[in-house]
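Inspection log for the structure reproduced underneath, given as structure tokens.
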Amino acid sequence: MKRTHNLTNRPAFFTTPGNSRMKVGIICSTCGEIEAGSDRPGLPPAVIARHFAAKGWKVYREGVSATCPKCQAAPPAPIETDDAEASLERQRAAEARRQAAIVTPGERLVAALPPKSEPTMTTTTSSTTNAIRAQATMHRLLGEHFTTDGAVGAYDEGWSDARVSNEAGLALVEVVRVREAAYGRVVDPRLAKLETALAAAQVKLTRDLGEITTMLETIREEGTKALAALTRQLAEARGLASR
Ligand SMILES: [Zn+2]
Numbered sequence: 000m001k002r003t004h005n006l007t008n009r010p011a012f013f014t015t016p017g018n019s020r021m022k023v024g025i026i027c028s029t030c031g032e033i034e035a036g037s038d039r040p041g042l043p044p045a046v047i048a049r050h051f052a053a054k055g056w057k058v059y060r061e062g063v064s065a066t067c068p069k070c071q072a073a074p075p076a077p078i079e080t081d082d083a084e085a086s087l088e089r090q091r092a093a094e095a096r097r098q099a100a101i102v103t104p105g106e107r108l109v110a111a112l113p114p115k116s117e118p119t120m121t122t123t124t125s126s127t128t129n130a131i132r133a134q135a136t137m138h139r140l141l142g143e144h145f146t147t148d149g150a151v152g153a154y155d156e157g158w159s160d161a162r163v164s165n166e167a168g169l170a171l172v173e174v175v176r177v178r179e180a181a182y183g184r185v186v187d188p189r190l191a192k193l194e195t196a197l198a199a200a201q202v203k204l205t206r207d208l209g210e211i212t213t214m215l216e217t218i219r220e221e222g223t224k225a226l227a228a229l230t231r232q233l234a235e236a237r238g239l240a241s242r
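Residues in the sequence shown are numbered from 0 upward in steps of one, following numbering that gives the first Met the number 0.
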């Protein structure tokens, strides 16, 4: 019998080809016994379930599972009935194991708590406070001893990530992470020195050129004024002389 599932979410039912059309069959969830029915797959599962129930099947939740008449008559009984004493002994042992495994709600609660009964809230709060203080110290030290210029920076002489880590009491990786994210990359001190010198030289050149330019303008302005004054005086003198 070829079985093709068609009734979704009704694993106890399956469709199977009948003489002229598809029909619904049923399968036992316990032993796998199957029985072909006469219902069409299009019928409501409740109706199909009712028809199989009439044939002696126990159908649960309209076909989610089912038990065949045979399994209902003889439920699975793994314990042999011919050795009553051994059976009873097994039952006693099982009960003893069950009792040993039982933990009262109170015992479970104790087991779930931390080993020491210290006030957990206080411990958490004080460790949080310490962490905040350490972070604050780190930020203060970075602010005081790490000079940034854009995305890069440099430590003052004698300062480093390691020293900030030590003094703040934070992991080195934490200091590096925060410094990179919030302050800047560390540049090689020698490069930083050269970069600083270059920047200073550029500033000085610009300032010097500016001063010279100002001086030149002053000279030109004053010279022009002097020339004009002398030209005027000369013209006046010539005027007087020609009279
Ligand atoms: Zn069965």
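Note that the Cβ used here is the ideal one computed from N, Cα and C, for glycine as well.
If I follow the unbroken alpha helix (DSSP H) through residue i, where does it start and stop?
| i | result |
| --- | --- |
| residue 68 | 68-72 |
| residue 175 | 171-177 |
| residue 46 | 44-53 |
For the beta strand (DSSP E) that residue i lies in, which residues bound it at each end?
| i | result |
| --- | --- |
| residue 166 | Looking at the DSSP string, residue 166 is not in any beta strand (DSSP E); the run it does join, the alpha helix (DSSP H), is 160-167. |
| residue 58 | 57-59 |
| residue 16 | 12-16 |
| residue 181 | That residue, residue 181, is in no beta strand (DSSP E); it is neither H nor E in DSSP. |
| residue 34 | 33-35 |
| residue 23 | 21-26 |
| residue 147 | 145-148 |
| residue 63 | Per DSSP, residue 63 belongs to no beta strand (DSSP E) and is neither H nor E. |
| residue 152 | 151-154 |
Answer yes or no: the CB of residue i versus the heavy atoms of ligand 1, is any distance below 7 Å?
| i | result |
| --- | --- |
| residue 34 | no |
| residue 57 | no |
| residue 54 | no |
| residue 69 | yes |
| residue 14 | no |
| residue 66 | yes |
| residue 7 | no |
Taking the Cβ atom as the reference point for each residue, do residue i and residue j lie within a distance shorter than 8 Å?
| i | j | result |
| --- | --- | --- |
| residue 168 | residue 133 | yes |
| residue 9 | residue 62 | yes |
| residue 40 | residue 14 | yes |
| residue 28 | residue 53 | no |
| residue 57 | residue 38 | no |
| residue 160 | residue 178 | yes |
| residue 36 | residue 47 | yes |
| residue 174 | residue 214 | no |
| residue 197 | residue 163 | no |
| residue 191 | residue 153 | yes |
| residue 69 | residue 34 | no |
Between the options, which lies nearest to residue i when the distance is taken from Cα to Cα?
| i | options | result |
| --- | --- | --- |
| residue 6 | 45, 157, 32 and 209 | 45 |
| residue 151 | 194, 209, 237 and 128 | 194 |
| residue 166 | 144, 208 and 204 | 144 |
| residue 147 | 126, 171, 128 and 181 | 181 |
| residue 158 | 142, 172 and 170 | 142 |
| residue 64 | 87, 30, 84 and 239 | 30 |
- [ ] Count the CB pairs spanning the segment 223-231 and the segment 181-191 that are closer than 8 Å, and state whether there are at least three.
- [x] no
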